[in-house]
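Let me begin by presenting the structure, written as structure tokens, before commenting on it.
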Amino acid sequence: MKVLVHSSAELAQQSVCDVLTARILAHPASVIGLATGGTMEAVYDKLILSITRKAVPVRELLTFNLDEYWGLAPNHPASYRSYMNARLFDPAGIPRERTFLPVADAVEPDAESEAYEQRIREAGGIDLQLLGIGQNGHIGFNEPTSSLASRTRLKTLTESTRKANRQYFGDDEETPKYAITMGIGTILDARECLLLATGESKAEAVSRMIEGPLGAHCPASALQLHPKATVVLDADAASELKLREYYQHVHPDGIDRQPTHG
Ligand code: GLP
348 MKVLVHSSAE LAQQSVCDVL TARILAHPAS VIGLATGGTM EAVYDKLILS ITRKAVPVRE
408 LLTFNLDEYW GLAPNHPASY RSYMNARLFD PAGIPRERTF LPVADAVEPD AESEAYEQRI
468 REAGGIDLQL LGIGQNGHIG FNEPTSSLAS RTRLKTLTES TRKANRQYFG DDEETPKYAI
528 TMGIGTILDA RECLLLATGE SKAEAVSRMI EGPLGAHCPA SALQLHPKAT VVLDADAASE
588 LKLREYYQHV HPDGIDRQPT HG
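Heads up: the sequence shown runs through residues 348 to 609, numbered per this note's numbering.
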């Protein structure tokens, strides 16, 4: 696992934006896995600027999002489909028909989950999967105790996750109890994983992911199994890492000068 520690959230976000930009410039027909959440908002703002300024070709991309709340219509303001259209796809000029999220107002979650896996397979698999991390160590909506071999399916959200996402729903609305999410096995199939975490609230989950035991109690720890996983952090998110000095020695200022993984 490559651990890149930046001095600020801004630099960490910019470095993720730079990786995505370079990847799309080099391979315009890439299949990119995308994430939502507050952490990604600044990344997408920067990516839109970068795409515009550098005339990055985006019309051949295919994208697959990690997850979607179950039961929300795609046009619900708090759906991840609405988030992605507004925050990235429309302003960046990525054709909506080339972007995929689980359809979460489908009638039958198992059939939709299998269809989503099938769509990813038909696209040739995901080249680069962008990830955030929940305070409880979840990736996508794979809550603690998710099978490390899980595939796309309906998951029950924990109360702590529902509380963290309460802010996106109206006062008279209930935060969804379920979501369709790529499984941990689905995420590990991506040829490359890139996880961004910023802020002190993520420090404990980050230390369990990188330095803790591999286990379903911290779903993100499954990235320890991935041959090409990069974790980009700001100083606050890195604050509980025991080997922080080592990571900074290998990649001073979070700059990835060595194209090695391990
Ligand atoms: C959400 C999403 C995840 C996201 C995580 C962190 O619930 N399902 O994909 O990475 O939780 O969100 P945030 O960036 O808002 O802290």
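Built from N, CA and C at the ideal position, the CB exists for glycine as well. This one's a predicted model, so the numbers in the text were calculated from it and none came from an experiment.
* To do: Would you mind reading off the limits of the beta strand (DSSP E) that contains Thr492?
  => Residue 492 sits at position 145 when you count from the first residue of the sequence shown. First-last for Thr492: undefined, no H or E at that position.
* Is Gly385 near the ligand GLP, going by C-beta to nearest heavy atom under 7 Å? -> Here residue 385 refers to the residue found at position 38 of the sequence shown. It does: the Cβ of Gly385 is within 7 Å (strictly closer) of some heavy atom of the ligand GLP.
* Looking only at DSSP bridge pairs, what is Thr446 linked to? -> For the purposes of this step, residue 446 is identified with residue 99 of the sequence shown, where counting begins at 1. Looking at the DSSP assignment, Thr446 forms a beta bridge with Thr410.
* To do: Confirm the yes/no value for this check: CB of Asp581, any heavy atom of the ligand GLP, distance under 7 Å.
  => Position 234 of the sequence shown, counted from the start, is the residue given in the question as residue 581. Asp581: no, Cβ never under 7 Å from the ligand GLP.
* Taking Thr577 as the reference, give the member of Thr528, Arg434, Ala544 and Gly471 with the closest Cα. => By 1-based counting over the sequence shown, the position of residue 577 is 230. Looking at the Cα atoms, Ala544 is the closest of the given residues.
* Asked: Is Asp414 near the ligand GLP, with its Cβ less than 7 Å from a heavy atom?
  -> By one-based count along the sequence shown, residue 414 stands at place 67. Under cutoff, so the answer is yes.
* Start-end ranges of the beta strand (DSSP E) lying completely within the stretch 412-437, minimum 3 residues -> 414-416
* Contact the stretch 530-544 vs the stretch 472-491: 3+ CB pairs below 8 Å -> yes
* Proximity test, Phe447 beta-carbon vs the ligand GLP heavy atom, cut-off 7 Å -> Position 100 of the sequence shown, counting from 1, holds the residue named residue 447. Answer for Phe447: no, Cβ out of range of the ligand GLP.
* **Under the three-state DSSP convention, the category Thr503 falls into** => Here residue 503 is taken as the residue at index 156 of the sequence shown, counted from 1. Three-state DSSP puts Thr503 in a strand.
* **Boundaries (first-last residue) of the beta strand (DSSP E) holding His353** => For the purposes of this step, residue 353 is taken as residue 6 along the sequence shown, with counting starting at 1. Residues Lys349 to His353.
* Asked: Using the rule of at least 16 other Cβ atoms within 10 Å of the residue's Cβ for burial, across every protein chain shown, is Ser355 buried or exposed?
  -> Residue 355 sits at position 8 when you count from the first residue of the sequence shown. By the 10 Å Cβ count, Ser355 comes out exposed.
* Secondary structure at Asp306, three-state DSSP: helix, strand or coil? -> Residue 306 lies beyond the range of the chain shown here (348 to 609); nothing can be said about it.
* **Coarse secondary structure for Gln326, derived from DSSP in three states** => Residue numbering for the chain in the displayed model covers 348 to 609; residue 326 lies beyond these limits and cannot be assessed.
* Asked: Just how far apart, CA to CA, sit Leu501 and Ile527?
  -> Reading the sequence shown from its first residue, position 154 is the one you call residue 501. Reading the sequence shown from its first residue, position 180 is the one you call residue 527. Whole-angstrom Cα-Cα distance: 4 Å.
* Going straight from the alpha carbon of Glu357 to that of Leu580, what length do you get? -> Reading the sequence shown from its first residue, position 10 is the one you call residue 357. Reading the sequence shown from its first residue, position 233 is the one you call residue 580. Using only the alpha carbons, I get a separation of about 10 Å.
* Asked: Between which two residues does the beta strand (DSSP E) containing Thr386 stretch?
  -> Here residue 386 is taken as the residue at index 39 of the sequence shown, counted from 1. Per DSSP, Thr386 belongs to no beta strand (DSSP E); it is in the alpha helix (DSSP H), Gly385 to Arg400.
* **Of the listed residues Thr386, Asp603 and Gly562, nearest to Ser548 (C-alpha basis)** => In the sequence shown, residue 548 corresponds to position 201, counting from 1. Taking only the C-alpha atoms, the option nearest Ser548 is Thr386.
* **Start and end residues, beta strand (DSSP E) containing Ala544** => Here residue 544 refers to the residue found at position 197 of the sequence shown. Looking at the DSSP string, the run of the beta strand (DSSP E) that includes Ala544 is Cys540 to Ala544.
* Between Phe436 and Arg555, what straight-line distance do the alpha-carbon atoms span, to the nearest angstrom? -> As a position in the sequence shown, residue 436 is number 89, starting the count at 1. As a position in the sequence shown, residue 555 is number 208, starting the count at 1. When rounded, the distance between both Cα atoms is 33 Å.
* Asked: Hey, would you say the C-beta of Phe488 is under 7 Å away from at least one heavy atom of the ligand GLP?
  -> Numbered from its first residue, the sequence shown carries residue 488 at position 141. Result yes, Cβ under 7 Å from the ligand GLP.
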